[in-house]
Amino acid sequence: MAHRVTLIPGDGIGPELTEATRRVLEATGAEFDWDVQHAGADVMDEHGGNPLPEQVLASIRANGVALKGPITTPVGGGFRSVNVTLRKALDLYAQVRPCKSYAGVRSRFDDVDLVVIRENTEDLYAGIEYEEGTGAAEELIEWIERQGGTLRHRDAGISVKPLSITGSRRIVEFAFEYARRNGRRKVTAVHKANIMKFTDGLYLRVAREVAEENTDMEFDDRIVDNMSMQLVQRPEEYDVLVCPNLYGDIVSDLCAGMIGGLGMAPGANFGEGIAIFEPTHGSAPKYAGQNKANPMAQMLSGVMMLRYLEETDAAMRLEEAIADVIREGASVTYDMKPSRDDPTAVGTSDVAGAIMDKLGVRV
Ligand code: NAD
């Protein structure tokens, strides 16, 4: 039976990338019934100024699975990021970013195979902030002082960092479940528990409790600064990293850099019964409509989606076809060539054609 999947083309380079990805996904033989939905600045006038129409959310809720292109957040104008609103509205608490080396990609590392799982709702990103000099900040400082706390300088802005037992438990449980379902061997919890005892300390304590309930999987933990160093020295010792929001943000970009950068970094956001697959990179507006952008990260997000849909064989064949095209180095976009002005670089749609060819589908 065909998989009903919400397809959000996005804007900027999004429509070209999702079209290229749709073609290679269909070339695997897996069947899809696409429910195409539009969001972003381009459609907001048709929806009373709302860049994330209710029907888009309803479609994702109904289908449970979405393939999404990047969506621009215009600077200024009070426009809230559609991407952030989507994550909040659907409580997409787990962001997953696999970082894997493919032969032929120019990178300082050649044997990386990591998965970064980032908690996406708590931490310093919860949006609880008080501006320096405001009544609220002064009141908070006075309250802190009454509790025996001291601030080195009272002219401080303050951000609050909530990490809860509930949020920590669900992300670490998710990490173990993800590791198990994807045949991984080890989960490493990343934290700074030696300094922030009531937040990161809580996170580590909960992570250890969850690890004791999942003894089929190896578990360890690392302090985030040490983790960063070890990742560049001995990446092969690590497998699945589970991080609170802020460390996850930074560590996942570090790992993306280790495998060749944004053009190669797929991703997914998960909530209860909902999964949205999208690349790590943004909408690169300057390349929009030029058939120039690299579709690999979007396509590898498609491979993740196939695995999620239990189209294991299709996922394997598509990943192999992508890896072949990258290794051969002929039908790749400008950013994957030795020099950025290489005249042999091909366009986004040609990359799709080359991959379809590998899958035995003549374009
Ligand atoms: P970006 O990822 O769009 O671009 C950063 C750099 O990488 C640019 O030089 C760009 O040209 C290049 N790049 C990115 N993807 C590429 C690809 N597939 N092929 C070749 N080159 C590529 O980041 P940005 O410029 O900070 O953001 C642009 C817009 O995208 C902003 O409005 C931002 O809010 C939005 N954004 C959306 C998402 C999302 O939809 N999830 C994520 C990040 C940023």
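For the sequence shown, this note's numbering begins at 36 and goes up steadily by one.
Beta carbons: idealized from backbone N, C-alpha and C, even for Gly.
A Cβ-Cβ contact shorter than 7 Å links G104 with P44. The ligand NAD has no heavy atom closer than 6 Å to the beta-carbon of P270. Taking one beta carbon from each stretch, the segment 134-144 and the segment 157-174 have fewer than 3 pairs nearer than 8 Å; the two do not touch. In chain order, D46, G47, G75, A76, S318, P320 place their CB closer than 7 Å to the CB of T107, counting only its own chain and leaving out the 5 sequence neighbours on each side. Counting only runs of at least 4 residues, the segment 42-87 fully encloses the following alpha helix (DSSP H) elements, listed from N- to C-terminal order: 49-62.
With a threshold of 6 Å, the Cβ atom of D370 counts as near the ligand NAD, since some heavy atom of the ligand is closer than that. Assignment of Y160 by DSSP, reduced to helix, strand and coil, places it in the helix class.
Classified as exposed, D145 has fewer than 16 neighbouring CB atoms from the shown chains inside 10 Å of its CB. Judged by their CB atoms, V267 and E208 are not nearer to each other than the 7 Å cut-off.
When secondary structure is reduced to three states using DSSP, Y165 falls in the strand class. T383: member of the alpha helix (DSSP H) spanning 383-393, first to last residue.
Taking the Cα of P88 as reference, the smallest distance to any Cα among R189, R220, L121 is reached at L121. Beyond the five residues adjoining it in sequence on each side, A332 comes within less than 7 Å, by CB distance, of L297, G298, M299, A300, P301, P314, T315, H316 in the same chain, given in chain order. At a Cβ-Cβ threshold of 7 Å, S203 and V241 count as neighbours. Distance from the CA of F67 to the CA of H73, rounded to the nearest whole angstrom, comes to 18 Å.
S194 carries a strand assignment under DSSP once its states are collapsed to helix, strand and coil. Annotation for S374 indicates a beta carbon at 6 Å or more from all heavy atoms of the ligand NAD. Leaving aside the five residues that flank T383 on each side, the residues in its chain whose CB is nearer than 6 Å to its CB run, in chain order, E51, A55, N326, A328, P330.
For K221, the enclosing beta strand (DSSP E) stretches over residues 221-226.
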